[in-house]
Amino acid sequence: MPALGSFLVALALHTVGAKQDLFLRNSTPEVGFLSFYDVWNRSSCQPMEKLVNIMSEYPSEVEHMFSPSCVSLHRCSGCCGDEILQCIPTEITNVTMQLLKMKSGEQASYVELSFAEHRKCMCRLRQDDPKPERRRRPKGRGRGSKMKRARNRLKD
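Residues -18 to -1, 1 to 138 (mature numbering (1 follows the signal peptide of the UniProt record, and there is no 0)) are what the sequence shown spells out, left to right.
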């Protein structure tokens, strides 16, 4: 049923996009207002600029410091409209950046590091279960069971 809801929203947006009245085209972010069309476009699954920490990309370099310590990359992000979908890259390119690499007691040097940059994204079914089913505890083994057993022993 959630897929039907997503389809209906997409259909409505297609209709809105086709009509593109003056209201939609004249969004004015400088006065603090964004039309629904602009909000939808900004939040949809797409490559977005993200600051990525060098250490998260190169964890084996922990003994070094880099300047800058993070770089700006395009990474897939955004909403897919259904919890069974996730925004994933469909096209990735490598970008090489020059950084300053430093280690205590050593001369700093320029190095070139490669990073994955997402060019295209798409909403696809999650490979993992988004919400695993919760196990129910057997009755009598939860909170307060110890006290109940103690009371029953006192009655005997």
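Just so you know, even glycine gets a beta-carbon here, dropped at the ideal spot from N, CA and C.
{"Item": "Go ahead and label proline 29 buried or exposed: buried means 16 or more other beta carbons lie within 10 angstroms of its beta carbon, across all protein chains shown.", "Value": "buried"}
{"Item": "Across the region 88 to 108 and the region 54 to 73, are there enough close Cβ pairs to call them in contact, namely three or more that are closer than 8 Å?", "Value": "yes"}
{"Item": "Curious, which full-length alpha helix (DSSP H) runs of at least 4 residues does the region 30 to 61 contain?", "Value": "36 to 39"}
{"Item": "Among Cys69, Glu94, Glu88, Gln109, which has the Cα closest to the Cα of tyrosine 40?", "Value": "Glu94"}
{"Item": "Would you kindly work out how many angstroms separate the C-alpha atoms of glutamate 43 and proline 71, rounded to a whole number?", "Value": "26 Å"}
{"Item": "First and last residue of the beta strand (DSSP E) that includes arginine 106?", "Value": "91 to 107"}
{"Item": "Determine the DSSP secondary structure at serine 17, reduced to helix, strand or coil.", "Value": "coil"}
{"Item": "State the DSSP-derived secondary structure class of serine 86, mapped to helix, strand or coil.", "Value": "coil"}
{"Item": "Assign leucine 33 to one of two classes, buried (16 or more other C-beta atoms within 10 Å of its C-beta) or exposed (fewer than that).", "Value": "exposed"}
{"Item": "Classify phenylalanine 15 as buried or exposed, calling it buried when 16 or more other Cβ atoms lie within 10 Å of its own Cβ.", "Value": "exposed"}
{"Item": "What does threonine 78 pair with, by DSSP beta-bridge criteria?", "Value": "Ser96"}
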